[in-house]
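Asks: Below: one structure in structure tokens.
Protein chains in written order, with this note's numbering: chain A, 446 to 676; chain B, 4 to 121.
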């Protein structure tokens with residue numbers, strides 16, 4: 446039985462806190478949604494989901510011990526990861542490095558933003574710094590209908606570190622964060638290898654854990670699932 | 004490189020001046036910055052000395068991307084990508100089949116999303 450899923454987003458362009466509702470319905474029947482109390486929302490999406498849909502919730506996958514250990518090595522001793530790894534979607538128009546190559550993707554193409562919070566201890570003459578480090582991943586199906594993904598870019602931002610330590614914090618991050626692309630790519634490749642023998646008709650992203658039943662809330666900036674239709 | 008050398012020279016001079024004043028200071032050096040710092044007390048009064056030398060303005064954020072050629076090479080192999088653009092996000096998925104009729108044609112030309120098979 447197909448499922449109609451409706452998502453309501455707090456922000457424009459399908460971002461932020463997200464309410465969702467799944468309605469299973471028979472083929473050829475209406476899917477009813479009587480839910481006037483969706484709060485303050487600024488955009489909405491609807492997707493009709495097939496029975497064969499296969500969903501991969503990215504957050505648990507990315508928080509596997511080997512990936513966490515690899516990410517912690519990226520930071521070395523200069524910063525500490527202080528959160529789990531999160532994975533949300535971000536339309537290209539909101540990616541920080543879009544300005545350097547705007548035509549690389551279309552404005553509403555979705556990238557997966559893989560990110561975590563970090564903390565930097567500083568000497569006594571500076572305040573400690575807290576921020577987040579992000580990598581932007583493009584998932585895709587290739588011409589043979591196989592699943593692939595590549596790391597497209599990175600960013601970081603933080604607060605604190607003043608008045609004298611932001612320069613040295615940037616130096617550490619500017620050497621460590623871009624170098625982490627290779628580490629993350631190899632981790633992605635090892636996970637994608639699990640799907641190497643399978644081919645798919647369609648790839649899309651779903652907010653949250655991609656559940657097909659009930660309703661609830663999530664934040665699409667923080668959690669997204671990969672949905673695949675096996676061939 | 005030249006700046007780094009000058010920054011270090013200046014930092015060492017400041018450290019030496021402090022030393023001559025009886026203040027033992029440490030120096031933290033990087034390619035673009037030096038911080039000369041000391042803490043102590045004189046007759047029960049705590050004092051702190053900090054001197055900062057830098058040749059740049061920094062913002063607490065930065066970003067970058069893989070080389071355009073690498074991205075282009077990857078993207079040429081990508082046939083289907085997640086998008087929120089109002090169009091069919093696939094070339095693999097079977098397209099809905101409609102019986103051609105004037106009303107359907109009309110609908111197609113009036114902006115419904117997706118390609119309809121002939």
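Every residue gets a Cβ at the ideal spot worked out from N, C-alpha and C, and that includes glycine. In this text the structure is predicted, and so the values were computed from the model without any measurement.
(1) When the cut-off is 9 angstroms and only beta carbons count, does residue 652 (chain A) lie next to chain B?
(2) For the beta strand (DSSP E) containing residue 564 (chain A), name the first residue and the last one.
(3) Buried or exposed for residue 516 (chain A), please, with buried defined as at least 16 other CB atoms from any protein chain shown within 10 angstroms of its CB.
(4) At a cut of 8 angstroms, does the stretch 593 to 612 of chain A reach the stretch 496 to 512 of chain A through at least three beta carbon pairs?
(5) Report the partner residues of residue 636 (chain A) according to the DSSP bridge assignment.
(6) Identify, in the order they occur along the chain, each residue of the same chain with its Cβ nearer than 6 angstroms to the Cβ of residue 500 (chain A), setting aside the five sequence neighbours on each side.
(7) Under a CB-based cut-off of 9 angstroms, is residue 459 (chain A) close to chain B?
(8) Would you please verify whether the beta carbon of residue 583 (chain A) is less than 9 angstroms from any beta carbon of chain B?
(9) Measuring straight from C-alpha to C-alpha, what distance separates residue 15 (chain B) and residue 37 (chain B)?
(10) Note down, in chain order, every chain B residue with its Cβ under 7 angstroms from the Cβ of residue 492 (chain A).
(11) Look at the alpha carbon of residue 459 (chain A) and the alpha carbon of residue 86 (chain B), and state the distance between them as a whole number of angstroms.
(12) To which residues of the same chain is residue 657 (chain A) closer than 7 angstroms at the C-beta, ignoring the five residues directly before and after it?
(13) For the alpha helix (DSSP H) that residue 482 (chain A) lies in, which residues bound it at each end?
(14) Under the three-state reduction of DSSP, which class applies to residue 570 (chain A): helix, strand or coil?
Replies: A quick look at the data gives this:
(1) For this step, residue 652 (chain A) is matched to residue 207 along the first chain. Contact of residue 652 (chain A) with chain B is not assigned, every C-beta pair being separated by 9 angstroms or more.
(2) Working through the first chain from its first residue, we reach residue 564 (chain A) at position 119. Counting along the chain, the beta strand (DSSP E) containing residue 564 (chain A) begins and ends at 555 to 565.
(3) The sequence position of residue 516 (chain A) within the first chain is 71, counting from 1. Residue 516 (chain A) is buried by the Cβ-count criterion.
(4) No, the stretch 593 to 612 of chain A does not touch the stretch 496 to 512 of chain A.
(5) What you label residue 636 (chain A) is simply residue 191 of the first chain in a count that begins at 1. By DSSP's assignment, residue 636 (chain A) forms no beta bridge with any residue.
(6) By 1-based counting over the first chain, the position of residue 500 (chain A) is 55. Correct list, in chain order: 655, 670 and 672.
(7) Here residue 459 (chain A) is taken as the residue at index 14 of the first chain, counted from 1. Judged by the 9 angstroms Cβ criterion, residue 459 (chain A) is in contact with chain B.
(8) Residue 583 (chain A) sits at position 138 when you count from the first residue of the first chain. Residue 583 (chain A) belongs to the set of residues whose beta carbon lies under 9 angstroms from a beta carbon in chain B.
(9) Sequence index remark: in the second chain, residue 15 (chain B) carries index 12 (1-based). Sequence index remark: in the second chain, residue 37 (chain B) carries index 34 (1-based). Taking the straight line joining both Cα atoms gives about 10 angstroms.
(10) Counting from one through the first chain, the residue named residue 492 (chain A) turns up at place 47. Per Cβ cutoff of 7 angstroms: no residues; residue 492 (chain A) is ~10 angstroms from chain B at best.
(11) Here residue 459 (chain A) refers to the residue found at position 14 when the first chain is read from its first residue. Here residue 86 (chain B) refers to the residue found at position 83 when the second chain is read from its first residue. One C-alpha to the other measures close to 11 angstroms.
(12) Residue 657 (chain A) sits at position 212 when you count from the first residue of the first chain. Close CB contacts of residue 657 (chain A) within its chain, under the 7 angstroms cut and outside five residues either way in sequence, are with 448, 467 and 494 (chain order).
(13) In the first chain, counting from the first residue as 1, residue 482 (chain A) sits at position 37. Counting along the chain, residue 482 (chain A) falls outside any alpha helix (DSSP H), and DSSP gives it neither H nor E.
(14) Counted from its first residue, the first chain places residue 570 (chain A) at position 125. Here residue 570 (chain A) sits in coil by DSSP.
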